[in-house]
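Going letter by letter, the sequence shown gives residues 770 to 1589 in the working numbering. To start, the structure itself, in structure tokens.
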Amino acid sequence: MIDSRRDFLKKASLLAGSTALYQFIPASIQQALAIEADPGTTFLDAEHIVFLMQENRSFDHCFGAMRGVRGFNDPRVMRMEGLPIWYQKNKEGTYYAPFHLDIEKTKAAWMGSLPHGWRDMVQARNEGRMDNWLEAKKAGKAYQHMPLTLGFYQRQDLPFYYAFADAFTVCDQHFCSSLTGTSPNRSHFWTGTVREEPRNPESMPHLDNPQLVHRDLKWKTFPERLQEAGVSWKVYQNEIGLPVGMTGEETDWLGNFRDNNLEFHEAYQVKFHPRYQAFIKKESIAIQQELEKQKADGKKPAAKLQKQLDAYLQDMERYSAEKFKQLSVHQQEIHRRALTTNENDPDFHSLSNLQVEEGGKKAIVSVPKGDLFHQFRADVKNNELPTVSWLVAPNRFSDHPGSPWYGAWYVSETLAILTENPEVWKKTIFVLTYDENDGYYDHVPPFVPALHSRPETGANPRGMETADEYVSAAMERKRSGKADSTLASPIGLGFRVPLVVASPWSKGGYVNSEVFDLTSSIQFVEYFIEKKWAKQVMETNISPWRRLVCGNLTSIFRPAADNRQPDLTYVKRNQQVERIFQARDKALPTGYEAISPEKIARLRENQVGFQGFKLLEAGVKPACAIPYDMDVNFELKNNILHIKFEIDGKLPSSKTVGVPFFVKCPVAYGEQGELERIWNFAIKPQEQLTYKWPLTEFKADQFHLEVHGPNGFYRSFQGNKIAKLPALRLTSRDFKKGLYLEIDSPVAQGSIRNLYQQGDIRPIGKKKGWERWDLKQSQGWYDIEVSTEPKGSFLFKYAGHQENGQVSTSDPLMGNLRNG
């Protein structure tokens, strides 16, 4: 490892967060931006796809304050009990709101992780209500008085990640795959499922890490399919996750944090690994000596030690070097490719000490002595990088909250390696993603399927079964071994997590708002291989519902000539290297406060006005074209409310694109008078879906239904059950016609407002006709409000973005911009 890189690594190791990488970040990003793909090329001319999945950060926690994304200025944030869900309540009835975690002035980066398992994820979601974060995600004893789940960072805290997103394309509708922790989400990333039999709802769902970690899982993985198709691939890590003789501190800096799920699958037979075999041989000798000593001392040999010895001896016999030679060529090859390490670096198992100053005193910090990228760096340099690569970072560089933000260096160094040879970067796509949100809050409810056997939960396209995407209470009792468990839930989608795609075809500081999840990466590779080499490599583990509603990442990319040079504001270089390390012993975060009952009351009263939290940076981003040409309209017939969902599917797309929605009823509904009930929906092109709500099921005088979809799509239908209602149909699917509202109104007086154009108020009376809006000024964005007198008769809202197959901008209302 050359000195400059060692110095860089040592400095980065000290920083406890990306903020202090000020001196180094611009160079790696500038180098990537300066390299142009050959004219006329597209992403299908790439030769290398590199994935790096980091750990445990929600989208709002990282990027909620970034300009141009659907973060803390979302005008269509969901409400619960009349309040935007920014405001979360604990069991004592006290409300808190998102607050800034200052990475320099407080010890926020050193406070560890929050609950992040299946049960607390499901509880935080609370059947889609998203109102139980403070209880489900409560911090440990030392910090349980703080609403840490609501903490978020800003640009000054995470300058590398903000600059990285501003340089390339960030995705703000990217969800983790399941309402679970690390290993189940990574199982979706590597295999597309968490079940042995993916389509069988009676097959055990693996929803907790211990169900997966080194369990010799039997279901097939995506890299196996690549191998069978003759597509080159490799997984790079410094060392494997099985014990190989490193200490705890060494493992944290040098191991793979058990983040390579391929180790857990029987097909890869990780226990053949020579260093694991050397470790258990050494351990077996030590245990035998201890047992003999106990026997000589007249003690009964410890049963636990004997059991461990028996297991080691069994592994030594079953996974010997001789038996590895008996494996097929395919078995040996996938073992080597999945478990590529830095064994050729003589220091890959070593740490070195570094002296630093902490609070005016000298301190010693351990840092890796070797090159964590040794083999990856060599393959790039020697032009041996495979078609598909996965990088797996050590714990300390994974961005897990248990390790304070060292991961930015790992991302930056990956980028630096890939761009060192311009001919490599010209043909490379680098995907940075995250596995789950830890315990950190995100305000966008994840889309989930309706359970096809229970029509009261919503509806899916005709013939689509979704039981494989659910865990019943009976299955949860079987899975958990808890006879009294009543937990039942969809498996996913989970909450939003960051996704940034860097390449010559995705630069320019764009935002992409198509729905993606962790299986979207698999779907992207499927499409890439099919179009590039006419090979079919299909991951059949991915469910039909998930494949329908989650895109394949292709909408992120633009031809090389269409990419613009981004407007980057680089961080200053004169920051002290040790600034974040010195924050380790600083005060706890204090930016939160209980919200007064008076303010809560005022917020509830503001039922119509804009409800963004106004923490977002001002301005917009260029927005990728996404294939959503959908409409949702309302009709009242025979005292039954009909909501019709439809998507044309005529916009450019590389796959059949469906759209997920959910409908919320803010008023009492049904026999039990349930408040805030939620239904889930998914639609596919050219198949209209209609769902019915009888007026008699609304227990008050008013009915009210809200429809939420991707990218700020929103409809609200509210009115008096006995009032005369206008027949309205808003059409946004055909961008050539603009936004078109058909009106058949029996009311004497009313108005139509366009919130994106101040002063655009149009009267309606007893008439049949239409209104049209040209949305060029607002870049396709609309927020139409139709109301009538007397007040309370009805209030309909239609909001979203009219797609036209072309690049546009992010929502100007989020960026504090609108016309007029």
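Each residue gets a CB set at the ideal place from its N, CA and C atoms; glycine is no exception.
Counting C-beta neighbours from all protein chains within 10 Å, is the total for residue i 16 or more, i.e. buried, or is it exposed?
| i | result |
| --- | --- |
| serine 1365 | exposed |
| serine 720 | Nothing about residue 720 can be read from this structure; the chain reaches only from 770 to 1589. |
| glycine 1528 | exposed |
| phenylalanine 793 | At phenylalanine 793, the pLDDT of 42 sits below 50, so the modelled position is not reliable; the number obtained from the coordinates is stated separately. Buried: at least 16 other Cβ atoms inside 10 Å. |
| isoleucine 798 | buried |
| glycine 1442 | exposed |
| leucine 1564 | buried |
| glutamine 1083 | exposed |
| glutamate 1032 | buried |
| glutamate 1008 | buried |
Taking the C-alpha atoms as reference points, what is the distance between residue i and residue j?
| i | j | result |
| --- | --- | --- |
| threonine 1235 | isoleucine 1447 | 17 Å |
| methionine 915 | threonine 1578 | 37 Å |
| lysine 1390 | proline 1463 | 42 Å |
| histidine 1543 | glutamine 1571 | Inspection of the sequence shows that residue 1543 is occupied by aspartate rather than by histidine. Cα-Cα distance, rounded: 11 Å. |
| glycine 1584 | glycine 1278 | 15 Å |
| proline 953 | glutamine 823 | 14 Å |
| aspartate 1253 | aspartate 889 | 17 Å |
| lysine 1150 | tryptophan 1002 | 17 Å |
| isoleucine 1395 | tyrosine 1296 | 17 Å |
| aspartate 1503 | asparagine 1402 | 15 Å |
| proline 1532 | asparagine 1408 | 27 Å |
| tyrosine 1045 | glutamine 1100 | 18 Å |
| threonine 990 | proline 1515 | 60 Å |
| tryptophan 887 | lysine 1368 | 34 Å |
| valine 1603 | arginine 1265 | Only positions 770 to 1589 of the chain appear in this structure, which leaves residue 1603 out of reach. |
| lysine 1341 | alanine 932 | With a pLDDT of only 32 at lysine 1341, under 50, the local geometry of the prediction cannot be trusted, and no value is derived from it. |
| cysteine 1115 | glutamine 996 | Correcting the residue identity first, residue 1115 is proline in this sequence and not cysteine. Roughly 30 Å separates the two Cα atoms. |
| threonine 1338 | leucine 813 | Reliability fails at threonine 1338, whose pLDDT of 41 lies under 50, so the model's placement of it is uncertain and the value that follows must be treated cautiously. Rounded to whole angstroms, threonine 1338 to leucine 813 spans 31 Å at the Cα level. |
| isoleucine 1186 | alanine 1271 | 13 Å |
| leucine 784 | leucine 1184 | Low local confidence applies: a pLDDT of 39 at leucine 784 is under 50, so the model's placement there is unreliable, with the coordinate-based value given in what follows. Roughly 19 Å separates the two Cα atoms. |
| glutamate 1540 | isoleucine 1530 | 11 Å |
| proline 1358 | threonine 1016 | 32 Å |
| arginine 1087 | arginine 839 | 53 Å |
Taking the Cβ atom as the reference point for each residue, do residue i and residue j lie within a distance shorter than 8 Å?
| i | j | result |
| --- | --- | --- |
| glutamine 1487 | histidine 1477 | no |
| leucine 1201 | valine 1180 | yes |
| glycine 1569 | serine 1501 | yes |
| isoleucine 1311 | lysine 1304 | no |
| alanine 1228 | tyrosine 1460 | yes |
| threonine 1109 | valine 1004 | yes |
| asparagine 1321 | lysine 1424 | yes |
| glutamate 1475 | arginine 1522 | no |
| threonine 1267 | glycine 881 | Going by the sequence as given, residue 1267 is proline instead of threonine. Contact: no. |
| threonine 1323 | histidine 957 | no |
| glutamate 1205 | arginine 994 | no |
| aspartate 1237 | arginine 968 | yes |
| glutamine 1292 | valine 1161 | no |
| alanine 905 | methionine 835 | no |
Which one or two residues does DSSP pair with residue i in a beta bridge?
| i | result |
| --- | --- |
| histidine 943 | Phe1285 |
| proline 1259 | Tyr1239 |
| tyrosine 1179 | According to DSSP, tyrosine 1179 bridges with nothing at all. |
| aspartate 1400 | Glu1415 |
| isoleucine 1133 | Gln1124 |
| isoleucine 1530 | Arg1522 |
| arginine 1316 | None; arginine 1316 has no bridge partner. |
| arginine 848 | Pro853 |
| phenylalanine 820 | Trp1159, Val1200 |
| lysine 751 | Residue coverage of the chain in this structure runs from 770 to 1589, which leaves residue 751 outside it and unanswerable. |
| aspartate 1552 | Ala1568 |
Output needed for residue i: all residues of its chain with C-beta closer than 7 Å, excluding positions within five of it in sequence on either side, in chain order.
| i | result |
| --- | --- |
| proline 1070 | Leu1060, Gln1063, Lys1064 |
| tyrosine 1081 | Ile1049, Glu1052, Ser1053 |
| threonine 863 | Ala1363 |
By Cβ distance below 6 Å, which residues in the same chain neighbour residue i in space, the five residues on each side in sequence not counted?
| i | result |
| --- | --- |
| tyrosine 1239 | Leu1220, Pro1259 |
| lysine 907 | Gln913 |
| leucine 1372 | Leu852 |
| glutamine 1548 | Ser1577, Thr1578 |
| glycine 1014 | Phe1048 |
At a cut-off of 7 Å, would you count residue i as near the ligand SAM, judging by its Cβ distance to the nearest heavy atom?
| i | result |
| --- | --- |
| arginine 1371 | As far as ligands go, the structure on display features none, and thus does not contain the ligand SAM. |
Taking 8 Å as the CB-CB cut-off, is residue i touching chain B?
| i | result |
| --- | --- |
| leucine 1074 | Included in the structure is just one protein chain, with no chain B present. |
Output needed for residue i: all residues of its chain with C-beta closer than 8 Å, excluding positions within five of it in sequence on either side, in chain order.
| i | result |
| --- | --- |
| cysteine 831 | Phe921, Tyr922, Leu927, Tyr930, Pro1267 |
| glutamine 1575 | Ala1394 |
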